[in-house]
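Take a look at the structure below.
In our numbering, the protein residues as written are 11 to 51.
In C-alpha cells, the structure reads:
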C-alpha cells in the first residue's frame with residue numbers, strides 16, 4: 011500500500027514538473043517569436 015502511494019506521489023511530481031517545463035517552454039517560444047518579429051520590423 012505504501013509503495014503504491016509513494017509511486018503515485020513520484021509520478022504526480024514528475025508529471026507536474028514536465029507540465030511546468032512545457033508551459034515555460036511555450037512562454038519562451040512566444041517571447042522569442044515576439045522578439046524576432048520586433049527585429050524584422
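Positions of the beta carbon are idealized from the N, C-alpha and C atoms, including for glycine.
Leaving out five residues on either side along the sequence, give the residues of the same chain with a beta carbon under 8 Å from the beta carbon of residue i.
i: residue 32; result: none
For residue i, collect the residues of the same chain with a Cβ closer than 6 Å to its Cβ; drop the 5 residues on either side in sequence, then sort them by chain order.
i: residue 25; result: none
Give a yes or no on whether 8 Å exceeds the smallest Cβ distance from residue i to chain C.
i: residue 43; result: Checking the listed chains, one finds no chain C in this structure; it contains a single protein chain.
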